[in-house]
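Our numbering puts the first residue of the sequence shown at 34, with every later residue one more than the last.
Working notes, structure below.
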Amino acid sequence: MLAEFGTGQVFWSFLWFFIFIIWIYLLIFIFSDIFRSDDLSGWGKALWSIFIILLPYLGIFVYLIARGGKMAERQAKHMQAQQAAMDSYIRDTASGTSDAEQLAKLADLHSTGKLNDAEYATAKAKVLQG
C-alpha cells in the first residue's frame, strides 16, 4: 500500500523538522555559552550541563531565563576578542617584515649612499617607534 502525503502532512513534517533544527542549534549555542562563561566555576558548568542533558526542554528554558541577559554580553566580548586577534594577525602579516629586517634594509640603503644621514636617522626613528 502506497502512503500519500497531502499538503497538510508535508507542512507539518517541514514544521517539525524546522523546530528540531532550531532545537539542535539552541543546544549547541547554550553549551558553547556555558563553557565560554568566565563567571561560572567548573562545578557550575557541570551542573548546568547535567541539568540540560537530563531535562533538555526545562534546562534550556531555565538557562535562558536565568542567564540569558548575559549571553549577548559574552557573545559580544568573544567577537571583539576574535576581531582584535584577526586585526593583529593582519597587521603582522601585511607588514611582511620585522623591525630587524627593516633596520637591516635601511642600513644597506644608507651604506650604498641611497639615504643620507638625516634620512637614515628619520627612517630609523620611525621603525623603532613602531
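C-beta: ideal position from N, C-alpha, C; glycine also.
Here the structure is a predicted model, which means the values were calculated and not measured.
Anticipated Cβ contact below 8 Å, residue i with residue j, distance rounded
{"i": "Lys78", "j": "Phe62", "result": "Actually they are not in contact, since the Cβ atoms of Lys78 and Phe62 sit about 15 Å apart, beyond 8 Å."}
{"i": "Leu161", "j": "Leu148", "result": "With a Cβ gap of about 16 Å, Leu161 and Leu148 do not count as contacting."}
Residue from the options whose Cα sits closest to the Cα of residue i
{"i": "Leu60", "options": "Gly75, Ile85 and Ser74", "result": "Ile85"}
{"i": "Ile57", "options": "Ser144, Tyr90, Ala114 and Asp141", "result": "Tyr90"}
{"i": "Asp71", "options": "Ile55, Tyr122 and His111", "result": "His111"}
{"i": "Phe64", "options": "Gly75, Ile54, Asp141 and Trp81", "result": "Trp81"}
{"i": "Lys103", "options": "Leu73, Thr145 and Ala127", "result": "Leu73"}
{"i": "Ile55", "options": "Ile93, Ser121 and Leu142", "result": "Ile93"}
Residue i vs residue j beta-carbon contact at 8 Å
{"i": "Arg107", "j": "Asp66", "result": "yes"}
Cβ-heavy atom distance, residue i to the ligand GDP, below 7 Å
{"i": "Ser65", "result": "For the structure depicted, the ligand GDP is absent and the ligand set is empty, with no information on it obtainable."}
Check your understanding: At a cut of 8 Å, does the region 90-97 reach the region 128-145 through at least three beta carbon pairs?
Key -> no
Check your understanding: Fully enclosed by the region 84-155, which alpha helix (DSSP H) runs are 4 residues long or longer?
Key -> 89-128 and 132-145
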